[in-house]
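Written below as structure tokens is the structure these notes are about.
Numbering (my numbering), first residue to last: 8 to 317.
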């Protein structure tokens with residue numbers, strides 16, 4: 008009788024563990040749609056014709072309270088102002104507040120917008136090159152298909168903002184909060200995001216080529232089909248990230264954490280590892296499987312072909 012009781016307990020434990028694992032897998036799958044959707048990505052800004060740009064810029068919009076926007080005055084910016092197509096180059100708006108502003112088609116080159124409040128604003132097709140929004144609140148803004156070349160957003164909070172199809176070449180965003188944003192089909196080449204927080208963001212088909220993301224937090228981020236060639240991801244956290252068909256060729260992955268990440272069809276050729284964590288990662292490519300010791304890799308991936316990829 009004791010023998011059968013023992014067998015029953017063992018079976019019960021196994022069933023319980025199996026149920027827990029299935030529940031965890033189910034919860035993890037809820038983070039992302041399957042497969043990654045690339046059919047609805049916005050076109051990169053450089054490929055958008057002027058006719059289409061003007062259609063977006065000229066479309067009238069109202070404030071959240073249903074009221075019409077007032078025409079903005081550069082020297083006294085106010086919340087909700089309409090600055091569409093305005094020339095705001097070199098404007099000094101340090102500490103200004105233009106919450107829910109409309110900046111579609113405006114020029115912001117080399118503008119000083121530090122320590123300001125710009126949340127819920129519309130920056131579509133805006134030229135924000137070389138502008139400085141450091142230490143500002145820029146949450147839930149629409150920067151899709153905008154020119155953000157060399158934009159500075161150090162210590163800024165841009166949580167929930169949309170950067171789809173934007174040109175973010177050379178953006179400097181040390182310690183920036185970029186949680187739950189959408190960077191899909193954007194260019195982030197040669198950008199710097201040291202210790203920035205991208206948790207929960209969507210970044211499908213993004214070019215992070217030779218960008219610096221040392222210490223960045225990319226947990227639960229969908230980075231499928233993105234390119235991190237030569238990028239610096241030292242000490243970066245990619246826990247539970249979806250990394251389908253991502254290129255990490257020549258990337259610096261020392262002390263990066265891929266715990267629970269989906270690495271299906273990733274390319275790690277010439278990537279550098281040092282105590283890089285792969286605990287509970289799934290779909291690990293054959294080219295790095297043999298390098299894993301105690302859930303970590305130290306060394307350089309010399310395998311060109313990914314045998315898992317069909």
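For each residue, glycine too, the CB sits at the ideal point set by N, CA and C. None of these values were measured; they are calculated from a predicted model.
From the DSSP output, in three-state form, read off residue i for me.
| i | result |
| --- | --- |
| residue 214 | strand |
| residue 78 | strand |
| residue 18 | With a pLDDT of only 45 at residue 18, under 50, the local geometry of the prediction cannot be trusted, and no value is derived from it. |
| residue 60 | helix |
| residue 52 | helix |
| residue 274 | strand |
| residue 30 | Low confidence applies to residue 30: its pLDDT is 44, below 50, so where it sits in the model is not reliable enough to give any reading. |
Please say whether residue j and residue i have beta carbons closer to each other than 9 Å?
| i | j | result |
| --- | --- | --- |
| residue 252 | residue 272 | yes |
| residue 162 | residue 150 | no |
| residue 118 | residue 90 | no |
| residue 184 | residue 158 | no |
| residue 229 | residue 210 | yes |
| residue 255 | residue 311 | no |
| residue 233 | residue 205 | no |
| residue 109 | residue 76 | yes |
| residue 239 | residue 213 | no |
| residue 116 | residue 136 | yes |
| residue 138 | residue 123 | no |
| residue 287 | residue 267 | yes |
| residue 121 | residue 142 | yes |
| residue 84 | residue 105 | yes |
| residue 176 | residue 144 | no |
Using C-beta distances below 8 Å, list every residue in its chain close to residue i, excluding the 5 sequence neighbours before and after it, in chain order.
| i | result |
| --- | --- |
| residue 146 | 126, 127, 164, 165, 166, 167 and 168 |
| residue 50 | 152, 172 and 192 |
| residue 300 | none |
| residue 242 | 221, 222, 261, 262 and 263 |
| residue 174 | 51, 52, 53, 153, 154, 155, 156, 193 and 194 |
| residue 64 | 91, 92, 111, 112, 131 and 132 |
| residue 134 | 113, 114, 115, 116, 153 and 154 |
| residue 48 | 171, 172, 191, 192, 211 and 212 |
| residue 80 | 88 |
| residue 78 | 88 and 89 |
Ends of the beta strand (DSSP E) at residue i?
| i | result |
| --- | --- |
| residue 282 | 279–284 |
| residue 97 | No beta strand (DSSP E) contains residue 97, which DSSP labels as neither H nor E. |
How far does the alpha helix (DSSP H) with residue i in it extend, from its first residue to its last?
| i | result |
| --- | --- |
| residue 1 | There is no way to answer for residue 1, as the model of the chain reaches only from 8 to 317. |
| residue 294 | 293–296 |
Among the residues of its own chain, which have a CB less than 7 Å from the CB of residue i, if the five just before and after it don't count?
| i | result |
| --- | --- |
| residue 269 | 249, 250, 251, 289 and 290 |
| residue 107 | 70, 71, 86, 87, 127 and 128 |
| residue 281 | 261, 262 and 305 |
What does a CB cutoff of less than 6 Å around residue i pick up in its chain, not counting 5 residues either side in sequence?
| i | result |
| --- | --- |
| residue 182 | 162 and 202 |
| residue 278 | 255, 258, 260 and 308 |
| residue 97 | 117 |
Could you pull out every unbroken alpha helix (DSSP H) segment of at least 4 residues lying fully inside the stretch 130–156, listed in chain order? none
Residue ranges of each alpha helix (DSSP H) run of no fewer than 4 residues wholly in the stretch 151–194, ordered along the chain? Annotation note: the stretch 151–194 contains no uninterrupted alpha helix (DSSP H) run of length 4 or greater.
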